[in-house]
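Asks:
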Amino acid sequence: MAAPVNLGEFEQLILLAILRLRDDAYGVTIRAELADRAGRTVAPGALYTALDRLETKGLIASRMSDPTPQRGGRAKRHVTVTAAGREALTRARTAYERLLDGLDLLGGAHA
Amino acid sequence: MRDRLIEQLFSLLTSADRAEAIAGDLAEEREHRGWAWFWLHALGVTLELWRRAVMCAPLRVLALTVAACALLIAPVFGGAVAAFLFPQMIAAWWLLGSAGALFTAISLAAVARRLGFAASATLAIVGVLLVLACLIVMPAVAAAQQAEWKDPSPHKTSLVTVEDGVQLEVLDWGSGPAVVLLAGLGATAHQYDDLAPALTARYRVVGLTRRDHRGSSAAPGGYGFARLADDVLRIIDAVGVNNPIVIGHSFAGEEMHVLGARHSAKIRGLVYIDAAFDRGDDADSEAYGAVARTVPVAPGPQPGDLASFTALRVYLEKHGGAWPEAYMRTRFRTNPDGSVGGLWSPDVSIRQAMTKEIQAAYKPYNPERIRVPALAIYAVPKSADDLMRRGSSDRSAFPELVARAADDPAIRERVEKLYLLTRDRVQKHERWFEAFAERGRVVELSGTHDLIISNPSEVVQQIEAFVSSLPERP
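From first to last, the protein sequence lines stand for chains A and B.
Reading the first sequence from the start, the letters are residues 28 to 138 in our numbering.
Reading the second sequence from the start, the letters are residues 1345 to 1818 in our numbering.
#1: Quick one, which of B:1778, B:1510, B:1549 has its alpha-carbon nearest residue 1516 of chain B's?
#2: What does residue 93 of chain A touch in chain B if you count any residue whose Cβ is under 7 Å from its own?
#3: Closest to residue 1807 of chain B by C-alpha separation, out of B:1496, B:1523, B:1345, would be which residue?
#4: Please confirm if the region 74 to 93 of chain A is in contact with the region 1390 to 1407 of chain B, defined as three or more CB-CB distances below 8 Å between the two stretches.
#5: Looking only at its own chain, which residues have a Cβ that is under 7 Å from the Cβ of residue 1701 of chain B, when we skip the five neighbours before and after it?
#6: Just the C-alpha distance for residue 1811 of chain B and residue 1585 of chain B, rounded to the nearest angstrom, thanks.
#7: How many Å lie between residue 1365 of chain B and residue 60 of chain A at the Cα?
#8: Quick check on the burial criterion: 16 or more other C-beta atoms within 10 angstroms. Buried or exposed for residue 1535 of chain B?
#9: Quick check on residue 1374 of chain B: buried or exposed, where buried means 16 or more other Cβ atoms within 10 Å of its Cβ?
#10: In the DSSP assignment, the alpha helix (DSSP H) including residue 1782 of chain B goes from what residue to what residue?
#11: Under the three-state reduction of DSSP, which class applies to residue 1626 of chain B: helix, strand or coil?
#12: State the Cα-Cα distance for the pair residue 1351 of chain B and residue 1388 of chain B, rounded to the nearest angstrom.
#13: Would you say residue 129 of chain A faces chain B, with C-beta separation under 8 Å as the test?
#14: How far does the beta strand (DSSP E) with residue 1685 of chain B in it extend, from its first residue to its last?
#15: Which of the three DSSP states is assigned to residue 1667 of chain B in this structure?
#16: Have a look at residue 1764 of chain B and residue 1547 of chain B and give me their C-alpha separation to the nearest angstrom.
#17: For residue 1352 of chain B, decide whether its Cβ has a neighbour in chain A, counting only Cβ atoms nearer than 8 Å.
#18: Helix, strand or coil for residue 1390 of chain B, going by three-state DSSP, please let me know.
#19: Can you tell me whether residue 1345 of chain B is buried or exposed, with buried defined as 16 or more other CB within 10 angstroms of its CB?
#20: Pick from B:1554, B:1659, B:1664: whose alpha carbon is nearest that of residue 1737 of chain B?
#21: Specify the secondary structure class of residue 1382 of chain B as computed by DSSP and reduced to three states.
#22: Listing by chain order, which chain A residues have their CB less than 7 Å from the CB of residue 1389 of chain B?
#23: Return the CA-CA distance between residue 1627 of chain B and residue 1637 of chain B, expressed in angstroms with no decimal places.
#24: Out of curiosity, what's the CA-to-CA distance linking residue 1398 of chain B and residue 1359 of chain B?
#25: In chain B, which residues lie less than 9 Å from residue 50 of chain A when you measure between Cβ atoms?
#26: Taking the alpha-carbon positions, what's the residue 1681 of chain B to residue 1661 of chain B distance?
#27: How is residue 1723 of chain B classed by DSSP in three states: helix, strand or coil?
#28: Can you give, in chain order, each stretch of the beta strand (DSSP E) that sits fully within the region 37 to 100 of chain A and has at least 3 residues?
#29: Below 7 Å CB to CB, which residues in the same chain sit around residue 1685 of chain B once its five sequence neighbours on both sides are set aside?
#30: Determine, using beta carbons only, whether residue 1371 of chain B and residue 101 of chain A come nearer to each other than 8 Å.
#31: For chain B, check one thing: does any of its Cβ atoms lie closer than 8 Å to the Cβ of residue 64 of chain A?
#32: How would you write the range of the alpha helix (DSSP H) that residue 1696 of chain B sits in, first residue to last?
#33: Who are the near neighbours of residue 1698 of chain B in its chain, counting only those whose CB is closer than 8 Å to its CB and skipping five residues on each side?
#34: What residue does the alpha helix (DSSP H) around residue 1348 of chain B start on, and which one ends it?
#35: Pull the bridge partners of residue 1360 of chain B from the DSSP assignment, please.
#36: Which of helix, strand or coil does DSSP assign to residue 1557 of chain B?
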């Protein structure tokens, strides 16, 4: 990858959810994971454009599953995080932690 | 089916497998979230995909958007235009308009995905041509189907110049002693098309259409009663009718007053058909109006009654009498499909000038006394039943009201009251006329203001009796 990709907060959450879901990450489960773990209700429309964007940037890869009898026989589009995706996540986290360093946000809130 | 539709919709905006996956996800979640959620988010996804597609492929999305708008708007727009212009053909128009729009939309959508912008544009043009075909070809077909209509009344028609640039339409029937027919305000000589033939056995009948009325010139002014009377004299001279009896309806009374007062040497007599009113005295209008408003009126023509002039005549026959078709064709506009359109009227500026001059002539209202023999026929009911069955000068006939009044004493009482007021009113005008016309006589007929059509044979009879009562002139 030529230039490092910077991630928005929403994109980070989606990538993390995909990682947690391992082999079972697709539209429905990603939204459910975001709701359960992060308390974020995400509209389907917003999620699909974000996934499209991530795929265009090469941070995730997708493949169509075999059609299932549920969902009117429609296939799922499973997504996985690519190496570039993991790298971008790590970089975002590092930047975040460096910025946090020396700050006592929780303590400050209770002071 | 619905999932398939949604998937197709998505596939217009994104790849086929993405569309399938998204449609599948929505279907899966619908299981526990319900249909409302499903449709709401199907719409949300569509908008998001559309937004993204605009940024990726603006031309394609432009084509799709035009297609979607055509699909949604064209049938509605086409239907509205058709309903306005051609009320008889709404269904055909709507179908054609929709078919054109649907074709445009589907072609655009299909081709935009495969062939790109140039092909989409070509198909868009085809679609637009289809819609234009609806708008242009169909009326032409309708007009061609409309059989050409001819005025059946056996008159010769000519235009006579009464003033520089002002020509009036003159209808000329028969030969013998002369009768000149004047129409009411807004009306044309053709209002006598059916009555005139009953007079032509004995008289030469000439009808004329006042200035600014359909068939005659639109003049920028000249609505003073003296000027209007001059127009009549010019016609009398131009067509060579000697010493005519002038017969006029309604507003024509004003011209006749001038003719009878100032040009008595040229006029043998006057017949006022519900046309001799003391226009300066409206003291009783308020009391009359207060009662009149409480008495039900006959229902006006329904859309079906306006489907053609024939249909309108059938309706009018049931409500007191029908005008000759030629007259109605001058009074109303004809839609391209042959149905009856709105009232014809001259340009606004002319209408305003007319109104202004007429109002000025009525205030104060003091016509000079007429000096020729005159007959004033008034439309007066002879009983309350007559008022309902046959109408009056102010009301059209409403025979159905008789049964309602029989069942409802309150209605009956109001009709009786209105009848008495109507009589008083007309009698007041009759007394005024008798004082105003030294050689005048009054006759009452039970009918509507349009006695020409509600009581044609009685009107002819009265005219003949009046003419035979006149002294012979050398």
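Beta carbons: idealized from backbone N, C-alpha and C, even for Gly.
This one's a predicted model, so the numbers in the text were calculated from it and none came from an experiment.
Replies: Taking the geometry as given:
#1: B:1549
#2: Under the 7 Å cutoff, chain B gives no residues; its nearest Cβ is about 12 Å from residue 93 of chain A.
#3: B:1523
#4: Output reads yes: the region 1390 to 1407 of chain B touches the region 74 to 93 of chain A.
#5: 1565, 1567, 1568
#6: 16 Å
#7: 18 Å
#8: Counting the other Cβ atoms within 10 Å of the Cβ of residue 1535 of chain B gives 16 or more, which makes it buried.
#9: buried
#10: Per DSSP, residue 1782 of chain B belongs to no alpha helix (DSSP H) and is neither H nor E.
#11: Coil.
#12: 14 Å
#13: No - not a single Cβ of chain B is within 8 Å of the one on residue 129 of chain A.
#14: Counting along the chain, the unbroken beta strand (DSSP E) around residue 1685 of chain B starts and ends at 1684 to 1687.
#15: coil
#16: Rounded to whole angstroms, residue 1764 of chain B to residue 1547 of chain B spans 38 Å at the Cα level.
#17: no
#18: helix
#19: Around the beta-carbon of residue 1345 of chain B, fewer than 16 other beta-carbon atoms lie within 10 Å, marking it exposed.
#20: From the listed residues B:1554, B:1659, B:1664, the smallest Cα separation to residue 1737 of chain B is found for B:1664.
#21: helix
#22: 71, 72, 75
#23: Spanning the two alpha carbons is a distance of roughly 17 Å.
#24: Each residue's alpha carbon lies about 14 Å from the other.
#25: Under the 9 Å cutoff, chain B gives no residues; its nearest Cβ is about 16 Å from residue 50 of chain A.
#26: 23 Å
#27: strand
#28: Listed in chain order, the complete beta strand (DSSP E) runs (minimum 3 residues) inside the region 37 to 100 of chain A are 87 to 91.
#29: 1676, 1677, 1678, 1679
#30: yes
#31: With its beta carbon at least 8 Å from every one in chain B, residue 64 of chain A lies outside the interface.
#32: 1692 to 1706
#33: 1556, 1567, 1690.
#34: 1346 to 1357
#35: In the DSSP output, where bridge partners are listed per residue, residue 1360 of chain B has none listed.
#36: coil
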